[in-house]
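Visitor: So the sequence shown is numbered by the UniProt record's numbering: it starts at 1 and just counts up by one. Built from N, CA and C at the ideal position, the CB exists for glycine as well.
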Amino acid sequence: MVPEASAAAPWLERGAHAAGLLAAALAAGRGAARLSLFGNEGIGAGGAVKVAQNLHPHSSIEDLDLTRCGLGDQGAEALATALPRARALKELCIGRNGLGPTGCRHLARALAGARAPAMLSLRDNRVGDEGAAALAEALESNRGLTELELSGNGLGNPGAGALGEALLKNRKLATLCLQDNRIGDAGAAGLAVGLPANRHLQELDLSGNDIGNAGVGQLAKALQANEFLETLSLERNRVDGEVLGALEEIFEARSSLRQPQEARQDRCDPGRGPTSSEIWP
């Protein structure tokens with residue numbers, strides 16, 4: 001059984017100090033551990049520093065959830081300094097923390113060439129196009145990240161284009177979630193650039209954007225040269241039935257080889273519920 005610690009806001013009135021104590025206790029354990037401090041906004045950047053001090057090469061913490069903990073860019077910087085030595089860390093959830101491009105640059109520098117974590121959630125921050133570009137550059141050389149969650153971050157066409165360029169070189173990322181952003185046709189076309197040469201991405205979530213027929217047409221064209229993407233979610237965009245039908249034909253040729261997938265649950269924010277994982281829109 002994996003040791004787990006979680007704490008609600010009343011217990012963490014002392015914020016940073018208490019977070020550090022919990023992290024230290026779990027880090028010293030012999031087995032894999034999960035630390036969830038979801039929703040304790042009093043932790044702040046100071047708490048991130050104390051938690052980061054316990055993400056050392058011998059730490060047992062595999063899953064760390066600091067969603068909505070008031071970290072800000074300074075908290076992201078503190079965690080970023082620990083990532084190169086946090087060998088056991090598999091999942092890092094730091095959504096809803098007011099992280100902007102500055103925090104993303106700190107994380108990107110740590111992620112370049114790193115093997116941990118395998119999953120990073122930055123859901124509902126302020127990443128924007130500048131932050132996405134920094135993360136995209138890191139993806140070109142990152143060796144460990146298999147899942148990146150960037151939903152609700154104000155990403156537009158430039159940010160999507162930067163991520164598309166990263167897909168040309170990245171050899172690890174399997175899931176990229178970009179739902180509820182500001183990506184239009186040009187951004188979809190930018191993402192499509194990286195798909196023909198990419199053999200590792202299996203799931204791309206573009207739900208809740210501003211993509212129309214032209215953008216989906218570019219994605220469909222790219223997918224004709226890509227047999228590895230299993231899931232493309234396009235709910236809540238501006239696409240008509242004829243274009244969706246063309247996508248369906250592409251995926252129908254693959255469906256006989258694969259079993260239907262279950263809906264993907266957001267591990268960092270269970271309250272958001274599952275996201276769609278249809279193999280066509």
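Use the C-beta contact count for Asp63: other C-beta atoms within 10 angstroms, 16 or more gives buried, fewer gives exposed.
Guide: Label assigned to Asp63: buried.
Visitor: Measure the Cβ-Cβ separation of Leu195 and Ala222 and say whether it is below 8 angstroms.
Guide: Yes. Within cutoff.
Visitor: Could you tell me the distance, in whole angstroms, from the CA atom of Ala225 to the CA atom of Ile183?
Guide: 23 angstroms
Visitor: In the DSSP assignment, find the unbroken alpha helix (DSSP H) run with Glu77 in it and report its ends.
Guide: Gly72 to Ala82
Visitor: For the beta strand (DSSP E) that contains Glu140, what are its first and last residues?
Guide: Here Glu140 belongs to no beta strand (DSSP E), and DSSP marks it neither H nor E.
Visitor: Could you name the residues that DSSP lists as bridge partners for Ala33?
Guide: Ile61
Visitor: Comparing alpha-carbon positions, which option in Ala86, Leu163, His200 and Asp240 lies nearest Asp129?
Guide: Leu163
Visitor: DSSP beta-bridge partners for Glu147?
Guide: Met119 and Thr175
Visitor: Can you pull the DSSP bridge partners for Arg238?
Guide: Gly212
Visitor: Using alpha carbons as the reference points, say which of Gly144, Leu178, Val193 and Gln179 lies closest to Leu168.
Guide: Considering only alpha carbons, the answer is Val193.
Visitor: Check Leu99 in the structure and name its three-state DSSP category.
Guide: coil
Visitor: Compute the beta-carbon to beta-carbon distance between Ala45 and Leu66, rounded to the nearest angstrom, for a pair I have assumed lies under 8 angstroms.
Guide: Actually they do not touch by this definition, with Cβ atoms about 11 angstroms apart.
Visitor: For Glu165, which of helix, strand or coil comes out of DSSP?
Guide: helix
Visitor: Cutting at 7 angstroms between CB atoms, please list the residues of its own chain near Ala246, excluding the five before and the five after it.
Guide: Ala220
Visitor: Helix, strand or coil: how does DSSP classify Asp185 here?
Guide: helix
Visitor: Thinking Leu83 and Leu37 are a contact (beta carbons under 8 angstroms), I'd like their distance in whole angstroms, please.
Guide: Leu83 to Leu37, Cβ: 18 angstroms. No contact.
Visitor: Hey, how far is the Cα of Ala132 from the Cα of Asn153?
Guide: 9 angstroms
Visitor: How far does the beta strand (DSSP E) with Ser233 in it extend, from its first residue to its last?
Guide: Looking at the DSSP string, the run of the beta strand (DSSP E) that includes Ser233 is Thr231 to Ser233.
Visitor: Look at Ser121 and Glu149 and say whether their C-beta atoms are less than 8 angstroms apart.
Guide: yes
Visitor: Classify Asn40 as buried or exposed, calling it buried when 16 or more other Cβ atoms lie within 10 Å of its own Cβ.
Guide: buried
Visitor: With 8 angstroms set as the bound, which would you pick, yes or no: does the beta-carbon of Gly103 sit closer than that to a beta-carbon of chain C?
Guide: Absence of chain C from the displayed structure is noted, only one protein chain being present.
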